[in-house]
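Report on the structure given below.
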Amino acid sequence: MEVRARQLAVGRRRAAREALRRVFGFEDFRPGQEEAVSAALRDRDALVVMPTGSGKSLCYQLPALMRDDLTVVVSPLVALMHDQVRALRELAPGVVEVVNSQRGGGANAEAVARAVHGDVRLLYVAPERFGSVGFASRIRDARVGLFVVDEAHCVSQWGHDFRPDYLCLAAAARGVGASAVVGVTATATPRVAADIVLALGLRDPARVTTGFDRPNLTFSVVRCGGWLDKRRRVAAALGCVDALPAIVYTGTRAAAEELSFRLAGALGLGAGEGVVCYHAGLDPGARARAQERFMSGKARVMVATNAFGLGIDKPDVRTVCHASVPASLEAYYQEAGRAGRDGRPARCLLFAEPRDKGLHVFFIQRSRVSDAALEGVAERLKWAGLDGRYDVPVADLAAGVGFDGSHRGGARTESSSEDDVVRAIIGHLAAARVLEPEPAPADRVAGRVVEGWDRRALALCREAARDAERERWRGYRAVWEYVEGSRCRREVLLAHFGDRAAGKPAVACCDVCAPAGSPAERDPGLCSGGSGPRAPRLRAA
């Protein structure tokens, strides 16, 4: 029996390497890929944690193309779905489909029909599709093998991008009869990784973690005297030789619009042409045009809130600037990790001023959930339907709950709307086992109330809300220790993710280890040393 198992393992490994060469044109696996592929071919649940740009998607794409059943890939990122599907269709024509809200009903129905008939090996879907009874019942008719959850950190209450609709995916995987569930993410602390395993119901999963070091990235913190100084220093950094293409992240929509205009003038690039702006407040057409210009290389600088970037695969980004300090190191490392995906040297610059710290405190306090809000949402869900079931628009819940004034006004970030607060409350109620969410369209919440609302339920929900607030404060402390500390930036980042390796940078490590490699921290009109031609003289930003 043991000999037979070894023979099967050798056979799978040989077949996987042959498929790797035949389909993807690679001679060998990157670290961690072969282990993840092997688990998927053996119908074993897995959690795959690999840094951005390390080939996570191949860990499920290759076994999916080798299997004779259907692999369902759940992703919240429409742009990423289309990018991956387009690339895979060139490598494996006719066996990859996508179902999402941007396609017509007929196209989606045809894709599902092909999956049910066995003509499709990979089906990409958005999580809210499982809120459609028709979709869920049709997929049950397909022979589902792997159920892959991309951006798996979204299922964790402690992740930096928690999405309540991800809480439904464990039930969705069981509902479609998947033989194995695979969670994939680039950013997971040990606590988040443990939460992913629990929330997705992974059974004795293979854990594939390859380390978080990005040796081609140089990390720098640039201390600024205020917004005007910060603006000048960002412009100076982008005026350096080999600084472009670049992404500049801002904390608010207003800052994104202002900075894109100012940088266009300072760099001698046209606003809306060479420098583009992206945030969730823009209409879909404007966002799509900005993204297309940047991805195609027509625009050299993208100024955006955190609404841009998740799933964006532009390999030649040379600089990522943060014009405000992100809420957590997880968010920072994921966004900074969009630099240098091609393996060439790239810089990650975080521009900080004292006011950023006060804004962090303001937003944490603003997100605090009152007992009245918890009780209001619970009561409305309780009476929203028969037999304890609910299916209601998020906007209706938000409109009916008496948030205090701290939830209105102020700077507009991408996560400060009352709808988002309601979704957070749904997460707290689920964590307290007051309700069980079920799949629903993006603008609705659905599920079942499993506990009556009483003092005990309120106490459980209050504690869940406090846990969430404590986690936000932990994130605050960690990111400011990174900003204000004197330890190697790379060492701090790796330790935060539980990676105790020292890291082996192929470039100047950071502004602490190699101060001369931090150009923007010096005179804002100067670039770092180097023999290349100097950038054009900057105009006032």
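Reminder that position 501 of the sequence shown reads as 507 in my numbering, one-by-one numbering, no gaps.
For glycine and all other residues, C-beta sits at the position ideal for the given N, C-alpha and C.
- Message: Rounded to the nearest angstrom, what separates TYR482 and LEU71 at their Cα positions?
- Response: 43 Å
- Item | Cβ neighbour criterion (16 or more within 10 Å) applied to SER302 | exposed
- Query: What are the residues that DSSP puts in a beta bridge with CYS327?
  - Reply: DSSP, once it has assigned bridges, lists VAL254 and LEU355 as partnering CYS327.
- Query: Is DSSP giving CYS515 helix, strand or coil here?
  - Reply: Coil at CYS515, not helix or strand.
- In whole angstroms, what is the alpha-carbon distance linking SER143 and LEU76? For SER143 and LEU76, the distance between alpha carbons rounds to 15 Å.
- Starting from PRO443 and walking both ways along the beta strand (DSSP E), at which residues does that stretch end? For PRO443, the uninterrupted beta strand (DSSP E) run begins and ends at 441-444, by DSSP.
- In whole angstroms, what is the alpha-carbon distance linking ALA212 and PRO57? 17 Å
- Task: Throw me the rounded Cβ distance for the ALA465 and GLU457 pair, which I believe falls under 8 Å.
- Result: Not quite, the Cβ-Cβ distance comes to about 12 Å (not below 8 Å), so this is no contact.
- What first and last residue would you give for the alpha helix (DSSP H) that runs through ALA200? For ALA200, the enclosing alpha helix (DSSP H) covers residues 196-205.
- Task: Determine the contact status of GLU444 and CYS174, defining contact as a CB-CB distance below 8 Å.
- Result: yes
- Three or more beta-carbon pairs under 8 Å between the segment 374-388 and the segment 248-264, yes or no? no
- Count the other C-beta atoms from every protein chain shown that fall within 10 angstroms of the C-beta of VAL139, then say buried if there are 16 or more, exposed otherwise. exposed
- Item | N-terminal and C-terminal residue of the alpha helix (DSSP H) that CYS65 is part of | 64-72
- Query: Hey, quick one: how far does the alpha helix (DSSP H) through LEU269 stretch, first residue to last?
  - Reply: In the DSSP assignment, LEU269 falls within the unbroken alpha helix (DSSP H) covering 259-273.
- Query: Are LEU128 and VAL150 close, meaning C-beta to C-beta below 8 Å?
  - Reply: no
- How would you label GLU96, buried or exposed, when you count the other beta carbons within 10 angstroms and need 16 or more for buried? exposed
- Query: Whole-angstrom Cβ separation of LEU94 and GLN67, contact assumed at under 8 Å?
  - Reply: 7 Å
- Would the beta-carbon of VAL498 fall within 8 Å of that of GLY509? Not a contact, by the Cβ cut-off of 8 Å.
- Could you tell me whether the Cβ atoms of ASP51 and ARG238 are closer together than 8 Å? It is not a contact, given that the beta carbons lie outside the stated cut-off.
- Unbroken beta strand (DSSP E) run spanning GLY189, endpoints: 186-191
- Message: Just to confirm my understanding: we take VAL518, look at its own chain, exclude 5 residues before and 5 after, and list those with CB closer than 8 Å. What are they?
- Response: SER492, ARG493, CYS494 and ARG495
- Message: Quick check on this structure: which residue in GLY280, ARG299 and ALA313 has the alpha carbon closest to the alpha carbon of GLY287?
- Response: When the alpha-carbon of GLY287 is set against those of GLY280, ARG299 and ALA313, the nearest one is in ALA313.
- Message: On a Cα-Cα basis, can you pick out the residue from ALA430, VAL55 and SER60 that is closest to PHE35?
- Response: Selected option, being the one with the closest Cα: SER60.
- Task: Inspect the beta-carbon positions of PRO170 and ILE370 and report whether they are closer than 8 Å.
- Result: no
- C-beta atoms of ALA113 and ALA148 nearer than 8 Å: no
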